[in-house]
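Residue numbers (this note's numbering), protein chains in the order written: chain B, 15 to 395; chain C, 15 to 395. In this text, a Cβ means the ideal position worked out from N, Cα and C, and glycines have one as well. Computed from a prediction, not measured in an experiment: that's the story for all the values here. In what follows, a structure is listed as structure tokens, so that the remarks can point back to it.
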């Protein structure tokens, strides 16, 4: 008998009520029944994105929404600024390249947040930039960027601000409208607590204007098609109906808790996780850690990949390893979506146990204790 | 108390065992556990596609796989032939247009199969065509094309043969390798009996050669990325994990029945449906009806849209109406996926009841009786 604890920054655990909702007989997507669900989901998403903008829902991974933000906002010859401070920031650069778009990279040291003034400098130096691509929570490094400050800069230029909030939404605050985000992107298998397969984007008026005239090739990810279908509470192509049904339920759970309470819960879990690992003598990889996932440096003398493997295969606790250049150098404990205090405690305990087995010197219970202190300090809602 | 009967050509009913499998706690996609599922799914799909070709799985609707067949096989300046005999054939044309590809349309009267010699004529008249796009079962008209004969023609040319088998797979025979299909496409919510959200394509060597040199913009649907990920039993972007888990179970069900038995079951249901509606004095819309869905002309004096609506809202039997130019002119009874004899009987009975209510003269039970005769005639497996 082994219980499995999924503590990765996506897929995240799906609440049983959502799993059961999705296990009901499937319905057709061109029916009043589905349209009512679609409408409710769309309204719920607007609340979570803190926006009144149209929200388009793709059946795809989050990368599909990222591709949509390139293919729909730009035309051949356009210039874009891409903040690259991790694997997913770099993906925007790869997407620009795939579409033949010249982009101005802002290369940020991994694990650091971008300095918003760098965005201003790049905009001033390169006239006529059409879009700025950046990330709320960079999943690969567990780093959160200051989107509010970036938004305050970009709003004075003609450029649209695109923010990958795929792992950040529902964990780190995102105020799409108040901060001037023109395309906020997210995915289903993160803070929204359903399985992967849906991607979302909230599209501002400024972004729609660009989408109207964009000349890059697109069809499946054409925003115009989604906008037209929105009028009938539908998507232009058959959507992942069962995931919509699940999302209706998970949004209900989120909105019952209250979005600000959800964000506060993530902030508290993240703080507990950080204090816990620090109490074990470990260092946090990021200088601007996100509330979605805590990135931890693998201590000297420990095989980082073996650590993650042992936690998963021997103890059933799945955390994420490092990606790309961080493989073996960090591990990442997610506290994202359907998680609360004791999930953090389990992660900390498994970490203490496996590190000890691997010969790292620590006092069992110390990390857990430090996490508990945070849990005690911050009022329980 | 009302039971719902979903008899549309997608989404189709999902077997309870599959629903329950998908309701289990979600797993991570970068784990040995998932890789084992991925491998089993891939092998099962090869059996259903009758191919040894690589199979790429996209998280998208079937249209995503259609877009992949355009974006990956062609380059600017290339020519393509598109067989347009319904809404989905036309979609290939729209895709070519979206990618700036000049295409030679073969316009087929809706409800008729394309004459394979038209494909030969078009290939001979237009030298250097890169791809021929056609459809196995054209869902909008319920018409099946003779892919075997088309394949025998196209194999002598440099063009790749692309077949939309989205609603056809598992209902109408498709012999991907034996018939020389270079990209066979399908989706999850049809004969494969799981919810929408996955799309598939089996890619031949001839198609891979074109994909290697294709210069159209692509990223999320880039076949090369999927091929690389296949080596590690994975997809390049987070896949719809829960649908993969469901697909493993539904493929198990299909392969336990045996693919040829599955095809025979569909053929029998289709025959029963056709004989049933004919016995009611109704005419089949297509001259080459598919085994996936039976298209029926709305009789004079009957409101086709009201017919479909009444069957669904009053009696819980959801059949499909006509699409595009066929709206209100036909209705479509699907017998696709998790369906057997008595599903056809229910459809026939609901049709008799609602037609009678709407003032159409028929003898109650006559359509059902004609369907039963087919059920009796063809051996029960």
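In chain B, which residues lie less than 9 Å from residue i when you measure between Cβ atoms?
i: residue 98/C; result: In chain order: nothing, as chain B lies at least about 16 Å away.
i: residue 332/C; result: 41, 42, 45
i: residue 310/C; result: Those within 9 Å of residue 310/C in chain B number zero; the least Cβ separation is about 18 Å.
State the start and end residues of the unbroken beta strand (DSSP E) segment that holds residue i.
i: residue 93/B; result: 93-98
i: residue 335/C; result: 331-335
i: residue 346/C; result: 344-348
i: residue 90/C; result: Per DSSP, residue 90/C belongs to no beta strand (DSSP E) and is neither H nor E.
i: residue 68/B; result: 68-73
i: residue 201/C; result: 197-201
i: residue 213/C; result: 212-217
i: residue 164/B; result: Careful: residue 164/B lies outside any beta strand (DSSP E), inside the alpha helix (DSSP H) at 161-168.
i: residue 116/C; result: 116-121
i: residue 148/B; result: 143-149
Whose Cβ in chain C lies nearer than 7 Å to the Cβ of residue i?
i: residue 353/B; result: Under the 7 Å cutoff, chain C gives no residues; its nearest Cβ is about 13 Å from residue 353/B.
i: residue 203/B; result: 252
i: residue 36/B; result: 36, 37
i: residue 234/B; result: 74, 77, 78, 81
Which residues in chain C have a C-beta closer than 9 Å to the C-beta of residue i? List them in chain order.
i: residue 179/B; result: Those within 9 Å of residue 179/B in chain C number zero; the least Cβ separation is about 16 Å.
i: residue 22/B; result: 42, 44
i: residue 108/B; result: 233
i: residue 33/B; result: 36, 37, 38, 39, 40, 256
i: residue 217/B; result: The premise fails here: residue 217/B is roughly 18 Å from chain C at the closest Cβ pair, so nothing lies under 9 Å.
i: residue 71/B; result: None at all; the shortest Cβ gap to chain C is about 12 Å.
I want to verify the contact list: residues of chain B whose CB lies under 8 Å from the CB of residue i, in sequence order.
i: residue 361/C; result: Within 8 Å Cβ-Cβ: nothing; residue 361/C doesn't reach chain B, min ~14 Å.
i: residue 43/C; result: 25, 210
i: residue 344/C; result: Within 8 Å Cβ-Cβ: nothing; residue 344/C doesn't reach chain B, min ~15 Å.
i: residue 112/C; result: 231, 232, 233, 236
With a cut-off of 8 Å on the beta carbons, I'd call residue i and residue j a contact; round off their distance for me.
i: residue 24/C; j: residue 201/C; result: 7 Å
i: residue 5/B; j: residue 150/B; result: Beyond the ends of chain B as shown, which are 15 and 395, falls residue 5/B; an answer cannot be given.
i: residue 203/B; j: residue 252/C; result: 7 Å
i: residue 86/C; j: residue 241/C; result: Not a contact, Cβ separation roughly 10 Å.
i: residue 305/C; j: residue 284/C; result: 4 Å
i: residue 78/C; j: residue 180/C; result: Going by Cβ atoms, the distance from residue 78/C to residue 180/C rounds to 11 Å, so no, they are not a contact pair.
Looking at the secondary structure, which residues open and close the alpha helix (DSSP H) in which residue i lies?
i: residue 274/C; result: 273-293
i: residue 83/C; result: 76-85
i: residue 356/C; result: 355-371
i: residue 103/B; result: 101-112
i: residue 46/B; result: 46-63
i: residue 382/C; result: 380-391
i: residue 423/B; result: What is shown of chain B runs 15 to 395, which leaves residue 423/B out entirely.
i: residue 30/C; result: 30-36
i: residue 240/C; result: 237-244
Short of 7 Å in beta carbon distance, which residues of its chain neighbour residue i, apart from the five on each side in sequence? Order them along the chain.
i: residue 98/B; result: 104, 107, 119, 120, 121, 122
i: residue 263/C; result: 31, 32, 35
i: residue 58/B; result: 265, 269
i: residue 82/B; result: 72, 215, 235, 237
i: residue 114/B; result: 90
i: residue 411/B; result: No information on residue 411/B is available, as it lies outside the stretch 15 to 395 that chain B covers here.
Using a Cβ-Cβ cutoff of less than 8 Å, which residues in the same chain neighbour residue i once the five nearest sequence positions on both sides are dropped?
i: residue 324/C; result: 368, 371, 372
i: residue 137/B; result: 95, 143, 146, 167, 168, 171, 173
i: residue 126/C; result: 99, 157, 300, 301, 302
i: residue 319/B; result: 335, 341, 342
i: residue 66/B; result: 60, 191
i: residue 387/B; result: 289
i: residue 380/C; result: 293, 294, 366
Counting contacts by CB-CB distance shorter than 7 Å, is residue i in contact with chain E?
i: residue 322/C; result: In the structure shown, chain E does not exist; the protein chains are B and C.
Near residue i, which residues of its chain fall below 6 Å by C-beta distance, leaving aside the five closest residues on each side in sequence?
i: residue 278/B; result: none
i: residue 338/C; result: 101
i: residue 45/B; result: none
i: residue 198/C; result: 63, 177, 179, 190, 216
i: residue 239/B; result: 250
i: residue 53/B; result: 247
Show which residues of chain B have a CB atom less than 7 Å away from the CB atom of residue i.
i: residue 86/C; result: By Cβ distance, chain B contributes nothing, its closest Cβ being about 12 Å from residue 86/C, past 7 Å.
i: residue 18/C; result: 39
i: residue 122/C; result: Per Cβ cutoff of 7 Å: no residues; residue 122/C is ~22 Å from chain B at best.
Against residue i, what residues of chain C qualify as contacts under a CB-to-CB distance less than 8 Å, listed in chain order?
i: residue 227/B; result: Ordered by position in chain C, no residue passes the 8 Å Cβ test against residue 227/B, which lies about 15 Å from the chain.
i: residue 128/B; result: Ordered by position in chain C, no residue passes the 8 Å Cβ test against residue 128/B, which lies about 23 Å from the chain.
Anything in the stretch 251-271 of chain C with a Cβ closer than 8 Å to a Cβ of chain B? List those residues in chain order, please. 251, 252, 253, 254, 255, 256, 257
Short of 8 Å Cβ to Cβ, which residues in the stretch 278-297 of chain B face chain C? Within the stretch 278-297 of chain B, no residue has its Cβ closer than 8 Å to any Cβ of chain C.
Output, in sequence order along the chain, the residues in the stretch 131-160 of chain B whose CB is closer than 9 Å to any CB in chain C. none
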